[in-house]
Amino acid sequence: IVDKNNIGLEGHSMGGWMTLFSMAVETRLRVGIVSCGFQGLNGVGQYIRPRPGSTGGPEQDPGFSRTQLVKDLIAPRSLLIISPTQDDDPEAVRRDVELARPSYAMDGRAECLKLWIPEGRHRFPSDIRARAYDWLEGWL
215 IVDKNNIGLE GHSMGGWMTL FSMAVETRLR VGIVSCGFQG LNGVGQYIRP
265 RPGSTGGPEQ DPGFSRTQLV KDLIAPRSLL IISPTQDDDP EAVRRDVELA
315 RPSYAMDGRA ECLKLWIPEG RHRFPSDIRA RAYDWLEGWL
């Protein structure tokens, strides 16, 4: 049985940015968890294929940033971003999350945007996963 009013989504790595894209276009998603998927988003152009007849190649700029995606299309819905210390650039992720925070605060939902930077590499270990799922259930 699915409660259509309480849908959450979690993704790791490429699944993490699919979570971001899904939340951006599907407003029924109330909460999301992005594990190791926020870092590589600025390089997403390599995975987006140009329209037929376009002059751009697969490396073209997708036309948006990960900060814009969160602040303009996902906020104020609950979002947990997990960016381990040894995965790409967690400090860049921290800066981008801080840039998105005012959109959450403006709606009185600052607590809905979370960033965890645990020790580790590009993994979603069971202890972090258990905490993340507890966090997700708290918003559903």
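Just so we're on the same page, the numbering used here is the position in the sequence shown counted from 1, plus 214.
Cβ atoms here follow ideal geometry from the backbone N, Cα and C, with glycine treated the same way.
Buried or exposed (CB count within 10 angstroms, at least 16 for buried), ARG362: The chain is shown from 215 up to 354; residue 362 falls before or after that span and cannot be answered.
GLY271, DSSP secondary structure in three states: Here residue 271 is taken as the residue at index 57 of the sequence shown, counted from 1. Residue placement at GLY271 is flagged as unreliable, the pLDDT there being 48, under the threshold of 50; the coordinate-derived value follows with that caveat. Correct three-state label for GLY271: coil.
Other residues of its chain near THR233: CB distance less than 8 angstroms, five sequence neighbours each side excluded: On the sequence shown, position 19 is the one that residue 233 refers to. LEU223, GLU224, GLY225, GLY246, ILE247, VAL248 and GLY251, listed in sequence order.
Whole-Å CB distance - ILE296 paired with PRO332, under 8 angstroms assumed: The residue you call residue 296 lines up with position 82 of the sequence shown. The residue you call residue 332 lines up with position 118 of the sequence shown. With 8 angstroms as the limit, ILE296 and PRO332 qualify as a contact, their Cβ atoms being about 7 angstroms apart.
LEU354, DSSP secondary structure in three states: Indexing the sequence shown from 1 puts residue 354 at position 140. Reduced to three states, the DSSP call for LEU354 is coil.
Start-end ranges of the alpha helix (DSSP H) lying completely within the stretch 296 to 322, minimum 4 residues: 304 to 320
Residue environment, LYS218, which counts as buried when at least 16 other CB atoms sit within 10 Å: By one-based count along the sequence shown, residue 218 stands at place 4. By the 10 Å Cβ count, LYS218 comes out exposed.
Closest Cα partner of THR241 within the set GLU351, ALA319 and ILE288: Taking the sequence shown and counting its residues from 1, the one referred to as residue 241 is at position 27. Taking only the C-alpha atoms, the option nearest THR241 is ILE288.
Other residues of its chain near GLY353: CB distance less than 8 angstroms, five sequence neighbours each side excluded: Position 139 of the sequence shown, counting from 1, holds the residue named residue 353. Looking at the sequence provided, one finds Trp at residue 353 rather than Gly. Closer than 8 angstroms at the Cβ level, and outside the excluded window around TRP353, lie GLY222, ARG244, VAL245, SER292 and CYS326.
Status (buried if at least 16 other CB within 10 Å, exposed otherwise) for TYR347: Position 133 of the sequence shown, counted from the first residue, corresponds to residue 347. Result: exposed.
Terminal residues of the beta strand (DSSP E) in which SER249 lies: Taking the sequence shown and counting its residues from 1, one reaches residue 249 at position 35. Taken as a continuous stretch (DSSP letters only), the beta strand (DSSP E) holding SER249 covers 243 to 249.
Contacts around THR299, its chain only, beta-carbon distance under 8 angstroms, and the 5 residues preceding and following it disregarded: Translated into the one-based positions of the sequence shown, residue 299 becomes position 85. Take THR299, set aside five residues on each side of it, and the residues of its chain with a beta-carbon closer than 8 angstroms to its own are ILE331, PRO332, GLU333 and GLY334, in chain order.
LYS218 (DSSP reduced to helix, strand or coil): Counted from its first residue, the sequence shown places residue 218 at position 4. The answer is coil: DSSP assigns LYS218 none of H, G, I, E or B.
7 angstroms CB neighbourhood of GLY229 in its chain, flanking five on each side removed: What you label residue 229 is simply residue 15 of the sequence shown in a count that begins at 1. Result list for GLY229: GLY251, in chain order.
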